[in-house]
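Residue numbers (full-length UniProt numbering), protein chains in the order written: chain A, 1 to 541; chain B, 1 to 541. Backbone N, C-alpha and C fix where the C-beta goes; we use that ideal spot for every residue, glycine too. If you're wondering where the values come from, they're calculated on a predicted model, not measured in any experiment. Okay, so here's the structure we're looking at.
In C-alpha cells form, the structure reads like this:
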C-alpha cells in the first residue's frame, strides 16, 4: 500500500499535519473549529472519527469494510441492526425466522466502534457536529416510517438530544416509501422495508385466515351468519400495489405459503383466496426484458395470481361496518388508466411502489453551510455560505464520482440557462438511496448502495482523500433476480439470463455470504431445510 | 383394548345408547338437550365432541394425546400456540429464538381437529354450550393478562361472540399471575408466563443497556451530563420479585447473558449492573432441601446476584422526572419484614410470585348449573340446581380423583360443621392450574398439568367414563430442576439429587422430547450451539 504509507508518514513524523496545526492552535470562534483533536494518552495522533448515518445496505456495508485500525467508526442509526432485505419477503411468510436476516450493529465485525441509536436530526457542517435524537428508550422501532403530508419526520415522543462530532461524515440515511400522497396508504397499507413490517405482514396474513375460520353455527356446520362468503372473499383478498421485484416476490412468496401451508390448515377457505398485483404501468418488472417479464406473467397466471397493469390506486379506506372496524378490512379504490374506477375489498394491501426522499435530506439541502473560504479561521470574514445540491427528480443529494456531497454558493443566483458552479464539501460523503451521482444517476437498490459503500470504505482504508487521490466509483451491474414462486425465478444481467431455483439460491447465496455473519449463514439454510421438512413458521406471535 | 370394544359395540348395534335415545327424541326445552346428535352422512354415530379450553400444559397435552379417531377435538384458546414454559427464560435473554418454544395449535399432531381462537366467556352446562369471545382479529395477544382489582377479565375491544357445543368439556384455562393487589405491579412489572412477556423482557433489557450507552459529551468522552452514574445504577438494577424457580432461573439466565454477551458489548456499564432477588419468605426455592437451596444461594453470591429474603415489595411507581417518563425507570418500595422500608430504583422488575385464580373459574363457580335430576326431560320439574365447588385457598375448581368437576346442591345450606354433599357433574373435567384435587391438592406446575392431561386423555381414549370405569389419577413427582447460571443447576426428587449442566440438559431434554414437535426438537439444539458459538441473539426487535 504505497499510498497509505506516503500519507501516514509525514503525520507520524510531525505529530500533526499542517492543516491540523493551523486549525487547532487558533483561538477562532468555536463554530468553525473541527473536532479533530489530539489525544495525548493514545499517542501523537488520534484516529479520525468517521461518523456513519444509517445502518442499511450503504451504512452497514461501509461500517463493515472501513478499517477499525485506521478510523474510529461511529454509527448512528434509529435501527440497531442491518436488515438483509432480499430475504425480507421470506420472513414475512414464515420461511425464515425474522432474526436470521438481522445483523445487530453491536456485533459489527472488527469491534472498536461506537453505536448511538437515534435519528440524525440535523447536521452543523461548520462545527462538524450532528444532532441526534436518541431513541433507544422506545419500544423496538422497526416499522417503515412514512412522513405525513408536508414531509416532516413523524411526530414521536422526543428522546434526549445528543451531539456527536465527526471528522468525516458518511450520510447513508436511505429513502422513505413513496406514497404519492394517496389517501389512506399511510394508515392502512403494509410496507415491506423493515423487519417490523415483515412481522406485521405475517401476523396479518395469519390473523385473516384465523378470523375467517370460526364456525358459523354452534355445531360447527352451516355457512356463515358470522362472516358471509362475500366477507371472506374481501378479507382473503390480498392486494399488492406495485409490480416491481418487491411486490412480485411478495405475491409469489404468499402464494407458496398459501399453497404449501395455509391451504392444508384451512382447506375450506381456499375458494375465497385471491392475490392481485396492481401496477399503473402497462408492464410489470420494468427492469426485465419483455421475454422474461412475459415468462413471469405466464407463470403468475398459471398460479392464479392476477396482475392488473394500467390500474391506478386512488384511495384506501376502512371497510364499512364491522368488517372494517372489527376485522380491519379495507376498500381500495382502483381506477383503470383508461376507464373509471370502482372499489374492491381487501384484507390487506402491501405497498411497494418506490421510494421518496428522506426528510433529513430535504432539511440538509435547504440550509446554509458555512465554510471557511481561505481555510484561515483567524479572521472572521473569510466565510463562504454554501448549500448542498439536491436532485429534483430523485430527491437525493447530488454527489460527484467520489461520493462527495456537492455544494453551490448559497448567495449566488444562477445566470439564465446556466447552473451554479458545484464544488464538493470537504469530508462529507453521501452514499446509497439518499444520493444521486451527478454524472450517472443509479437506481435505489441494495446493489448500488453496497457497491458505493465498499468503494468509499476501500478508498478511505487506502488513506486516499477521495477526489484528490484514488479513482472514481464505477458501478458494476450484477443483474437483477426476482423470485416467482413455485421454485422458479428469473435473473437478468448483461452477461446472461438464468431461470430456476438453483440460480436463485446461488445468487442469493452470494449476497448472503458477503453480507451476513456466520451465525446467519448457518441459520438461513437451517431454516430453509426446516421449512421444507415441516412447513413454514405459523405461530402467530 | 377390551374395554373400548365392549363399550363401542352396543352403540354400534343400536345406533344410540339408551341415554342418548331418551334425550334426543324428547321435545323437552332445548336448554336441557345436549348437543349429541346423529350425523347420517358420516355413519350411524358421530364422534363425541370433546371441547378443550386452553392451550397450555394441560389443554395442549390433552389435545395431543386424545385420539382423533375416537373424538372430535375442539380446542378453544385465546393463544394460537402452546408455550414450552421451561425454556421461556432462555428466550427472554436470547439464548433461544422465541418461536422455537412455541407449538402452533394449528399444527396439532394427528390433524382432524378444530381450533377457535378466543376467550371462553361463559359456559352453559345445561345446554352444553360455551360462549366464546373471538380474538383472532387482535394483534398477537401474547402478554400475561392481569385482571384489575375486582377480578374481571380485563377490558378489550369485544370480538364477535360465537357459541360452541360440547359433549365432553375439559376446562384447562390455567391461572393468572398473582399480584396481591400491590400498587403498580400490573402497570410496571414484567411477567414471564407467555411468549410476549419474554419478548418484552428481552427488548427491555437490551434497551436499558442501549439507553445507558450514549456519550455524555460530543466527543464521546466525559461522564454523564445526560445520565448520571446514579441514573445508570438505577436503570441497570434488575429486580426480581419471587424466589421460586422462575425468578431464580431468570436471574441466573440474565446473569449469564450479561457476563457472556452484554459485558463484551458494554464493558463501561458493568460497574453499574446489579441483580437483586426479593422474597418475602425467609428462604428461597422452598421446594428444595436446605442443602440444595444453600448451594444455590452460595452460587448466586459468587456470581454477585443479591438475594434478599424477608423483604416485602409494597409498591412500584414510575421514577420521578425524565428517568421515569423518558427511560421508564421505576422506584420500588421495599419493606424488610422486621423493619421499615425504603425505595430503590430499578430499570425493570420481573414479577414471579405465584398464581391466582382465572376469572373464568370464579364466574363458573358462582353460577347455578341446571341438571336433569332424573335424566327425564319430558317433565319440566325434575331439574336440580347445582353449583360447582371452588377451593378457597387455591381458587381452583374442586375435582375428584378422575378430574371430574364436583358440584353441590345450589339451594341447600350446609348443616353446621358439615359440608354439602359433592357430586361430579357429568362430562365436565377440570385439569391443570385451574383445578384442585379434593383428596390431594397439588402445586400449580407444568408437571402436574401435563400428567393430569395425559391421564384423562388416556382414560378417554380407552373409552372409559372416568369415575365409572378406569382408575384414579396418581401423581408421580419427577422432581424439580432449577438452573442457577454458569452451567450449574440443581435437581431434587425423592430418588436422587443432581447437579450440573448435563443434568439440566437431560432433564429439559426429556420434557422437550415429550412435548415438542420435531421442528423444535431440531431447532432448540441448533440455537444452543449457535448461541454458544456466536453469542446470544441481541437484535432488539
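Between the beta-carbon of residue 345/B and that of residue 237/B there is about 6 Å, and that keeps the pair under the 8 Å contact cut. Residue 356/A is not a Cβ neighbour of residue 515/A, given a cutoff of 9 Å.
In the structure shown, residue 392/B adopts coil according to DSSP, grouped into three states.
The contact set of residue 228/A on chain B, defined by CB atoms closer than 7 Å, is empty, because the minimum CB distance reaches about 13 Å. Residue 136/B has a beta carbon lying within less than 9 Å of a beta carbon in chain A. Rounded to whole angstroms, the gap between the alpha carbons of residue 159/B and residue 135/B is 6 Å. In terms of Cβ geometry, residue 235/A and residue 208/A form a close pair [threshold 9 Å]. A Cβ-Cβ separation of about 13 Å leaves residue 390/A out of contact with residue 369/A under the 8 Å criterion. For residue 61/A, there are no C-beta contacts with chain B under 7 Å, since the nearest C-beta of that chain is about 17 Å from it. Among the bridge pairs identified by DSSP, residue 387/A is matched with 368/A and 408/A.
With 16 or more other Cβ atoms from the protein chains shown falling within 10 Å of its own Cβ, residue 297/A counts as buried.
The contact set of residue 404/B on chain A, defined by CB atoms closer than 7 Å, is empty, because the minimum CB distance reaches about 24 Å. In this structure, residue 528/B sits away from residue 534/A, with a CB-CB distance that is not shorter than 9 Å.
When the beta-carbon positions are compared, residue 101/A and residue 88/A come within less than 9 Å of each other. Using a Cβ-Cβ cut-off of 9 Å, residue 115/B counts as an interface residue toward chain A, since at least one Cβ of chain A sits closer than that to its own. If you look at residue 188/B, you'll find it in the alpha helix (DSSP H) that goes 185-188. With a minimum length of 4 residues, the unbroken runs of alpha helix (DSSP H) contained wholly in the segment 431-500 of chain A fall at 446-461. For the segment 515-536 of chain B, the set of positions with a beta-carbon nearer than 8 Å to some beta-carbon of chain A reads 517, 518, 519, 522, 523, 526, 530, 533, 534 and 535 in chain order. Chain-ordered, the chain A residues with CB closer than 9 Å to the CB of residue 214/B read 116, 117, 118, 132, 134, 136, 160 and 162. Looking only at 252/A, 362/A, 269/A and 227/A, the smallest Cα-Cα distance to residue 324/A is reached by 227/A. Bridge partners of residue 119/B according to DSSP: 133/B. Shown here for residue 206/A: same chain residues with a beta carbon closer than 7 Å to its own, the five before and five after excluded, namely 538 and 540 in chain order.
DSSP places residue 72/B inside the beta strand (DSSP E), whose first and last residues are 71-77. Under the 9 Å criterion on CB atoms, residue 272/A is classed as non-interfacial with respect to chain B. The C-beta of residue 263/B comes no closer than 9 Å to any C-beta of chain A.
The beta carbon of residue 97/A sits closer than 9 Å to some beta carbon of chain B. Buried is the label assigned to residue 403/A, since at least 16 other Cβ atoms lie within 10 Å of its Cβ. The continuous beta strand (DSSP E) containing residue 311/A extends over residues 311-318.
At a cut-off of 9 Å between beta carbons, residue 415/B makes no contact with chain A. Chain-ordered, the chain A residues with CB closer than 8 Å to the CB of residue 326/B read 137, 157, 159 and 160. Straight-line measurement puts the Cα of residue 308/B at about 9 Å from the Cα of residue 284/B. For residue 103/A, the nearest CB of chain B lies under 9 Å from its own CB, placing it at the interface with that chain. Residues 243 and 309 of the same chain have their beta carbon placed closer than 6 Å to that of residue 279/B, with the five preceding and five following residues left out of the count. Taking residue 258/B as the centre and dropping the five residues before and after it, the same chain places the C-beta of 273 closer than 7 Å to its C-beta, in chain order. Proximity of the segment 54-67 of chain B to the segment 402-422 of chain B falls short of the contact definition, fewer than three beta-carbon pairs being nearer than 8 Å. When C-beta distances to chain B are compared with 8 Å, every residue of the segment 177-191 of chain A stays at or above that value.
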